[in-house]
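Residue numbers (this note's numbering), protein chains in the order written: chain P, 39 to 317; chain E, 3 to 623. Glycine included, C-beta positions come from ideal geometry on N, C-alpha and C. Heads up, the thing below is written out as structure tokens.
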Amino acid sequence: MSIDTHADGDVTGDEFAEDGRSAEGNKAHDQESHHGGGEGHGGGDDGGGHHESPEVVDGRQRMAVWLFIGGDMVILAGLLFTYLYLRGTNTEGHWMNMVGYTGHPWSYYNNILFVKGGSLPNPTTVSVNPVSAGFYWLVTLVTAVSAGIIWLGEKRLRASRDAKAFVPIAALATVVALVALVLTIVQLRQIPEIFVTQNDSAYMAYTSYSSAILVLEGSALLHMFVLAFLGLGLSIRASRGVISGDKWYQVRLVRLFWVWVAISSVIVAAVITSVNTIH
Amino acid sequence: MTTTLEHTAVEEESKGGGLARHQNAGTAVACGVLFAFLFWLVARKTLDPTGEAFNDQVTTLLGCGWIIGFWFGIGAFNGPMRWLLGRDHTRADDLYYAGHNQGRARYWKYTTDHKVVGVQYIIVTMGLLGVGGMLAMAIRTELIMPGNHFVNQQVYNAFISLHGMIMILALIVAIAGPWANFVMPIMIGARDMAFPRLNALSLWTLVGAASLLVSVAAVGGLTMGWVVLAPITDQNGVGMDLFALAIVVFAVSSTVGGVNVVCTILTMRTKGMTLERVPIFVWGAITTSALALYAFPFFLLVEVLQLLDRNVATSFFVSGGGGTGWLQANLFWLMGHPEVYVILTPAVAVCFEIAAVMSRKPVFSYRTAVAAMVGLSGLSILVWAHHMFTSGWAPTLGGPFMVTTEIISIPTGLFFLVLIGTLWRGHVWMKLPTIWMFGFIANFIIGGITGIYLSDIPIDNQLHGTMFVTAHFHYIFVGSVLFAAVAALAFWFPKVTGRFLDEFLGRISFWLVFIGVQVTFLAMFVSGLRGMPRRVSSYSVIFDHTNLITTIGAYIIMSGMLVLLGAIIKSWGHGEPSGPNPWHANSLEWMVPTPPPLENFDVMPVITEDPYNFREEMVRS
């Protein structure tokens, strides 16, 4: 390989320092800039990062965010595949039902098993109702609003270069994301379960429909936690001056992910709305 | 006399690191144990002990506690928390995290220097191979003759499962881990990886996952093979929970690592280092990383679903609630077959690299080599159902999947074309890396051709689940990938240590392992062809001769690997000094001092030619 300039070294094994680093290596380091920078979490600006420009570091970080989103897309595709596959196969007709007991298990515990010392009646096939698609769209709407707020905040920051004005916007987006998070928890609690018994144990179980909904909403919940973390971070960083009018790149990185979460929420809501029950 | 500037630098450096100054592998283990205990305690106090899934829930939470504590103890949360609080790393912090002036202690810390991470990967890989190898020997010892001698079927199955998964993990990182970290950034003229802290995160997360995986043995093991097909997983004890959690954590590690490698290659190449000028190993690193980004999220997903089925009574894979085991099989093999090429591609790329340097010739048809690696990766995501030919799932899709699987032999054939074309009429320097590379070629031919048979549905119907399949993939993994991994180690060992890997011991090791592989797996082919099933601890007497031969072969392999271990230990401290460029290669990693300094280059190089433009006759010694 022909190179114009290169570091030349001719160090033999005998010259190694005890820790495996040559004296020449240390010299080379001392002459050079510091290590690090270019890291996903903001080492690139005041941390130095090999004297690279913020634009270069930003480009690299943006690629990383896109790749992480790509990985997240694969997981979403897997989740939707799971939902559609289970619905399509409808194993033994149990997509939305299961052999168990209607009603709340406490009624069985209190009235039959413990109080009266009796035994459970024979189980029957119990069906569950589909979750509310409207509620799903509500959560999606709230998520999309939070994404819109952060996007508007970014645009305003880039236009006005006023980092202080960005603080309340980031805080508002965070609060809206937290609302979405709480709504998702409410939604999770509404997923229908069925009281079943097996091997002398009684417990609440999910049909394959409820299971697929559970994991989709669980994934959404995880996303909301990440958004809340990122939103809080942006707020604190902007208030501390780490994000400034000239250093707005991280806001864009966060916005990319935020928008993706909103889009994924729309996709899930659309699938659940249009492909719900078997018939 | 100390200048004011130097004094300031030392003073500044001494302030760096913050909490990381007190964190290392010891604190990671201590915090892991502490958190695991706390999670266990809380789980025992708060969960319903009469619940069907009580033991699973407690075990899963214990595992979560371990990994969270481990991350906390090693310092993985420092970066995110500092980002959250707006306290970004200073220059002194970055220096500290890079392990500057920390001696050997930096190998036990959350060090960001890519070369340290590369060495850490070497150690982790050797550890995993050691544990997996011991399990292999236990398996072969049990199979030395018909009947149960040392362990019962359950324990034997636990050995099989752990051996399989540990070896898969080890081989996934065996080449990409050490060398995509240690040499790849230097090869492309970068000062470090794109995201040094993510690099450390990837490594230590792997350590956390591996420890979880090994701990499966302590809670009753795993008795259904490493593919853990549902719904039989329901019958396993709590070992399944730790296993699934280990895979989830591993998927996080590989995703983070994959993102880092891809970003590094695409955005950090030095001036003039076009994608057509990068050493061929770099293409191997990027294709394997990109493929991992596609494959391992499926691995994560399928194990999350397993955990949910076991812990909160969902019905993904349980037919009573509308689930199906075929969902698990599909999701698993969507990952499972690309994973084979995640393992294989860097091995092939290493052999291209060694063939070119050692024969003093350019890589034959560089673009074909690249196209073969990219094509193989692309095709690998379209073949997953060939693992399910005999399962009864979608028989009408058998034909198309047979075709896609057989098409894979085209890019695989191109690998051989490129390798042989590169070596053809070259003045091949038969040093240690070269002979291990030739071992790769020989074994890969056998492993590859037997794979073509297995892709054919009628033959697969006969041979599925037999020792023939086991022999086939061991020729790929042991005979090919492991040989390439040792070739890579021998090739870049001088760059890591400044010393040659002991040539004499290395050759003894080669011949022992090479002969051992033939003895072991050719005999295993015969067992399979005669109908011996996999995963049984006892067998009919008609298989006794071939099993005895296989076990003898396994012991020969083990002795060869022990000799190799001895060679590594001896050479690391007292090997023959090699100088910075012992192979007279042209790529950048050989142009920097040995060992490379902290940021690799004093002055950033500008590339004007490809790395295989050999003008001078190699000086051979």
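Give me, in chain order, the residues of the same chain whose beta-carbon lies closer than 6 Å to that of residue i; leave out the 5 immediate sequence neighbours on both sides.
| i | result |
| --- | --- |
| residue 20/P | Nothing about residue 20/P can be read from this structure; chain P reaches only from 39 to 317. |
| residue 50/E | none |
| residue 74/E | 33 |
| residue 27/E | 110 |
| residue 450/E | 414 |
| residue 514/E | 558, 561 and 562 |
| residue 204/P | 191, 195 and 276 |
Quick one: residues in its chain with C-beta nearer than 7 Å to the C-beta of residue i, no 5 flanking neighbours on either side, listed in chain order?
| i | result |
| --- | --- |
| residue 626/E | Because chain E spans 3 through 623 in this model, residue 626/E falls outside it and cannot be assessed. |
| residue 108/E | 101 and 118 |
| residue 162/E | 141, 227 and 537 |
| residue 209/E | 126 |
| residue 435/E | 356, 360, 489, 492 and 493 |
| residue 136/P | 164, 232, 234, 243 and 245 |
| residue 2/E | No statement about residue 2/E is possible, as the shown extent of chain E runs from 3 to 623 and does not include it. |
Could you compute how far the alpha carbon of residue i sits from the alpha carbon of residue j?
| i | j | result |
| --- | --- | --- |
| residue 211/E | residue 205/E | 10 Å |
| residue 234/P | residue 242/P | 6 Å |
| residue 154/E | residue 136/E | 18 Å |
| residue 130/E | residue 169/E | 7 Å |
| residue 22/E | residue 120/E | 20 Å |
| residue 128/P | residue 396/E | 15 Å |
| residue 126/P | residue 318/E | 13 Å |
| residue 494/E | residue 488/E | 10 Å |
| residue 212/P | residue 227/E | 45 Å |
| residue 406/E | residue 108/P | 25 Å |
| residue 99/E | residue 481/E | 38 Å |
| residue 521/E | residue 533/E | 19 Å |
| residue 307/P | residue 249/E | 29 Å |
| residue 512/E | residue 126/E | 22 Å |
| residue 178/P | residue 571/E | 58 Å |
| residue 105/E | residue 88/E | 30 Å |
| residue 291/P | residue 500/E | 41 Å |
Closer than 7 Å by beta-carbon distance: list the chain E residues that pair up with residue i, in chain order.
| i | result |
| --- | --- |
| residue 262/P | Ordered by position in chain E, no residue passes the 7 Å Cβ test against residue 262/P, which lies about 16 Å from the chain. |
| residue 274/P | 86, 87 and 88 |
| residue 127/P | 326 |
| residue 280/P | 88 and 90 |
Can you name, in chain order, every residue of its own chain whose Cβ lies under 8 Å from the Cβ of residue i, other than the five neighbours on each side?
| i | result |
| --- | --- |
| residue 38/E | 64, 65, 67, 68 and 71 |
| residue 458/E | 404 and 408 |
| residue 252/P | 226, 229 and 244 |
| residue 259/P | 219, 222, 223 and 226 |
How would you list, in chain order, the residues of chain P whose beta-carbon sits under 8 Å from the beta-carbon of residue i?
| i | result |
| --- | --- |
| residue 303/E | 113, 116, 117 and 120 |
| residue 333/E | 116, 119 and 120 |
Quick one: list the residues of chain P neighbouring residue i, beta-carbon separation under 9 Å, in chain order.
| i | result |
| --- | --- |
| residue 243/E | Residues of chain P passing the Cβ test: none, with the nearest at roughly 16 Å. |
| residue 184/E | Those do not exist, as residue 184/E stays about 12 Å from chain P at its closest Cβ, beyond 9 Å. |
Whose Cβ in chain E lies nearer than 8 Å to the Cβ of residue i?
| i | result |
| --- | --- |
| residue 130/P | 321, 322 and 324 |
| residue 237/P | 54 |
| residue 21/P | Residue 21/P lies beyond the stretch modelled for chain P, which goes from 39 to 317, so this question has no answer here. |
| residue 133/P | 324 |
Taking residue i as the query, report the chain E residues whose CB atoms sit under 9 Å from its CB, ordered along the chain.
| i | result |
| --- | --- |
| residue 269/P | Within 9 Å Cβ-Cβ: nothing; residue 269/P doesn't reach chain E, min ~10 Å. |
| residue 124/P | 317, 318, 324, 325, 326 and 329 |
Against residue i, what residues of chain P qualify as contacts under a CB-to-CB distance less than 7 Å, listed in chain order?
| i | result |
| --- | --- |
| residue 296/E | 112 |
| residue 315/E | 241, 242, 243 and 244 |
| residue 293/E | The contacting residues do not exist; residue 293/E stays about 12 Å from chain P at best. |
Output, in sequence order along the chain, the residues in the stretch 239-252 of chain P whose CB is closer than 9 Å to any CB in chain E. Listed by position, the residues of the stretch 239-252 of chain P near chain E (Cβ gap below 9 Å) are 239, 240, 241, 242, 243, 244, 245, 246, 247, 248, 249, 250 and 252.
Pair every Cβ in the stretch 273-288 of chain E with every Cβ in the stretch 184-192 of chain E, then say whether three or more of these pairs are closer than 8 Å. yes
Interface positions of the stretch 243-271 of chain E facing chain P (Cβ-Cβ less than 7 Å), listed along the chain: 257, 261, 264, 265, 268 and 269
How do the stretch 253-273 of chain E and the stretch 314-332 of chain E stand: do at least 3 beta-carbon pairs fall below 8 Å, yes or no? No, the stretch 253-273 of chain E is not in contact with the stretch 314-332 of chain E.
Output, in sequence order along the chain, the residues in the stretch 63-96 of chain E whose CB is closer than 9 Å to any CB in chain P. 81, 82, 84, 85, 86, 87, 88, 89, 90, 91, 92, 93, 94, 95 and 96
Can you list, in chain order, the residues of the stretch 285-300 of chain P whose Cβ is nearer than 8 Å to any Cβ on chain E? none
Specify whether the stretch 307-327 of chain E and the stretch 109-125 of chain P touch according to this definition: at least 3 beta carbon pairs, one from each stretch, less than 8 Å apart. yes
Please confirm if the stretch 292-311 of chain E is in contact with the stretch 343-350 of chain E, defined as three or more CB-CB distances below 8 Å between the two stretches. yes
The stretch 477-500 of chain E: which residues have C-beta closer than 9 Å to a C-beta of chain P, in chain order? 496, 498, 499 and 500
Compile a chain-ordered list of the residues in the stretch 98-110 of chain P whose CB is closer than 7 Å to at least one CB of chain E. 98, 101, 102, 105, 106, 108 and 109
Should the stretch 520-538 of chain E be regarded as contacting the stretch 584-597 of chain E, the criterion being three or more beta carbon pairs within less than 8 Å? no
Does the stretch 308-318 of chain E come close enough to the stretch 94-113 of chain P that 3 or more CB-CB pairs lie under 8 Å? no
Would you check if the stretch 419-426 of chain E and the stretch 382-401 of chain E touch, i.e. whether three or more CB-CB distances between them fall below 8 Å? no
Using 8 Å as the cut-off, can you tell me whether the stretch 293-304 of chain P makes contact with the stretch 263-272 of chain P, which would need three or more C-beta pairs spanning the two stretches below that distance? With a cut-off of 8 Å on Cβ pairs, the stretch 293-304 of chain P is in contact with the stretch 263-272 of chain P, counting three or more such pairs.
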